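Here is the structure we will look at.
Protein chains in written order, with the working numbering: chain A, 1 to 111; chain B, 112 to 227.
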């Protein structure tokens, strides 16, 4: 799996958008960008994934740069329950290979 | 609810003992993964099974073993336990057989093992 780089921590005010960056400069053409989050000691939760187009679901939006070397996960209206560690992972989709987790970004949403 | 069930949720045991952690994957998922997360540590991949066969192995200790049964549930066996084995153990499953599946992993809520 290609390596990703994320800031270790970020803060966000409740109700504001949280923008979590991820660099993946060595991503291969068939690798997707996946985002997961882990809320304190719970099992990691899948958020969203994408290849090259921007993606949106009920949880978040994913913006991938045209050269695919970086991406941003956007939580449009962060709540206190979004406080978690967010992991950006690149991986070939449509297979069942393991996920390799890095250190992620610890997002703290404050009132 | 991810659909992945892990038991027990909590387990306290002594050094030198052996424990078994159980995982029931989402219905129909053929792949099962085990991860370890020690206190304030990252998620470490241990091992993956696919339809009963070992598919990939990570940094799993020789004292640890796993298997996946014909009904697709999996067990992680930890023996000769040491203090450092205290951790959260997560199971995940994935599949490609349902409409919309792209192979993303769905995690259980974990089994917290404390070795005293």
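Each residue gets a CB set at the ideal place from its N, CA and C atoms; glycine is no exception. If you're wondering where the values come from, they're calculated on a predicted model, not measured in any experiment.
Count the other C-beta atoms from every protein chain shown that fall within 10 angstroms of the C-beta of residue i, then say buried if there are 16 or more, exposed otherwise.
i, result
"residue 80 (chain A)", "exposed"
"residue 152 (chain B)", "exposed"
"residue 77 (chain A)", "exposed"
"residue 156 (chain B)", "buried"
"residue 82 (chain A)", "buried"
"residue 173 (chain B)", "exposed"
"residue 91 (chain A)", "buried"
"residue 150 (chain B)", "exposed"
"residue 15 (chain A)", "exposed"
"residue 123 (chain B)", "exposed"
Can you tell me the Cα-Cα spacing of residue i and residue j, whole angstroms?
i, j, result
"residue 53 (chain A)", "residue 60 (chain A)", "14 Å"
"residue 51 (chain A)", "residue 71 (chain A)", "10 Å"
"residue 63 (chain A)", "residue 55 (chain A)", "7 Å"
"residue 170 (chain B)", "residue 24 (chain A)", "24 Å"
"residue 111 (chain A)", "residue 84 (chain A)", "15 Å"
"residue 127 (chain B)", "residue 146 (chain B)", "21 Å"
"residue 99 (chain A)", "residue 137 (chain B)", "17 Å"
"residue 33 (chain A)", "residue 19 (chain A)", "15 Å"
"residue 193 (chain B)", "residue 168 (chain B)", "21 Å"
"residue 22 (chain A)", "residue 215 (chain B)", "19 Å"
"residue 6 (chain A)", "residue 101 (chain A)", "12 Å"
"residue 195 (chain B)", "residue 225 (chain B)", "9 Å"
"residue 112 (chain B)", "residue 125 (chain B)", "32 Å"
"residue 121 (chain B)", "residue 130 (chain B)", "12 Å"
"residue 148 (chain B)", "residue 166 (chain B)", "21 Å"
"residue 9 (chain A)", "residue 212 (chain B)", "31 Å"
"residue 158 (chain B)", "residue 12 (chain A)", "36 Å"
"residue 58 (chain A)", "residue 175 (chain B)", "39 Å"
"residue 154 (chain B)", "residue 109 (chain A)", "23 Å"
Who are residue i's beta bridge partners in DSSP?
i, result
"residue 292 (chain B)", "The structure shown does not extend to residue 292 (chain B), since chain B spans only 112 to 227, so no value can be given for it."
"residue 107 (chain A)", "A:10 and A:84"
"residue 23 (chain A)", "A:5 and A:70"
"residue 168 (chain B)", "B:158"
"residue 222 (chain B)", "B:200"
"residue 179 (chain B)", "B:185"
"residue 31 (chain A)", "A:92"
"residue 62 (chain A)", "A:55 and A:73"
With distance defined between alpha-carbon atoms, name the residue in the options nearest to residue i.
i, options, result
"residue 227 (chain B)", "B:204, B:216 and B:191", "B:191"
"residue 164 (chain B)", "B:131, B:133, B:183 and B:206", "B:183"
"residue 74 (chain A)", "A:111, A:30, A:36 and A:103", "A:36"
"residue 31 (chain A)", "A:49, A:16, A:18 and A:6", "A:49"
"residue 105 (chain A)", "A:29, A:55, A:38 and A:58", "A:38"
"residue 26 (chain A)", "A:19, A:89, A:8 and A:85", "A:89"
"residue 28 (chain A)", "A:3, A:12, A:18 and A:10", "A:3"
"residue 117 (chain B)", "B:129, B:134 and B:214", "B:134"
"residue 132 (chain B)", "B:119, B:123, B:124 and B:125", "B:119"
"residue 160 (chain B)", "B:113, B:204 and B:217", "B:204"
"residue 114 (chain B)", "A:12, A:46, A:22 and A:107", "A:46"
"residue 162 (chain B)", "B:112, B:212 and B:207", "B:207"
Contact the region 186-202 of chain B vs the region 82-100 of chain A: 3+ CB pairs below 8 Å = no
query = Does the region 174-192 of chain B come within contact of the region 62-69 of chain A, defined as at least 3 CB pairs closer than 8 Å?
reply = no
message = With three or more C-beta pairs closer than 8 Å as the rule, is the region 42-53 of chain A touching the region 210-225 of chain B?
response = Flag = yes, the region 210-225 of chain B and the region 42-53 of chain A touch.
ask   = With contact counted as at least three CB pairs below 8 Å, one residue from each stretch, are the region 170-184 of chain B and the region 141-153 of chain B in contact?
value = yes
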